[in-house]
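Residues in the sequence shown are numbered from 139 upward in steps of one, following our numbering. Take a look at the structure set out below.
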Amino acid sequence: METEENISGWRKLGWTCVAVLAAAEYSWLSVVNKAVPPLPQFMWPLQAVLFPAAVLAMLGTITFVAALAYNAAKRRPTSPVDYLAALLCAGLIIVILRW
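Quick look at the structure:
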């Protein structure tokens, strides 16, 4: 039971990182590339904190992937959803690093 609670915490970290990285990418696409509709003006404070949040999310992704690798090495149960979150995070990091 403790293992599922432990991976549940890591799962929350992984999906939080996905959300932050996706928001940072959308912000970049709307402000710099003008490829997607812009965010409303009242959301400018959110855009101001997205860069530091994206950096923290990248570090969180590394931690999340390390936790998944540890759980896989110990043969603890993990969900395919955990690996999906890790793949999404890694993909978003690659896309964001092209900035």
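A virtual CB, placed ideally from N, CA and C, is assigned to each residue, including glycine.
* To do: Could you say if the segment 222 to 235 and the segment 157 to 164 meet the contact criterion of at least three C-beta pairs nearer than 8 Å?
  => Enough Cβ pairs lie closer than 8 Å, so yes.
* Buried or exposed by the 16-neighbour rule on C-beta atoms within 10 Å, applied to Trp148 -> For the purposes of this step, residue 148 is taken as residue 10 along the sequence shown, with counting starting at 1. So Trp148 ends up on the buried side.
* Is Ala186 closer than 8 Å to Cys155 when the C-beta atoms are compared? -> Position 17 of the sequence shown, counted from the first residue, corresponds to residue 155. Position 48 of the sequence shown, counted from the first residue, corresponds to residue 186. Taking the C-beta atoms as reference points, Ala186 is found no nearer than 8 Å to Cys155.
* Just reading off the alpha helix (DSSP H) that Pro178 is part of, what are its end residues? -> Here residue 178 is taken as the residue at index 40 of the sequence shown, counted from 1. Looking at the DSSP string, Pro178 is not in any alpha helix (DSSP H), and its letter there is neither H nor E.
* Asked: At which residues does the alpha helix (DSSP H) containing Ala191 begin and terminate?
  -> Working through the sequence shown from its first residue, we reach residue 191 at position 53. Here the alpha helix (DSSP H) through Ala191 covers 182 to 211.
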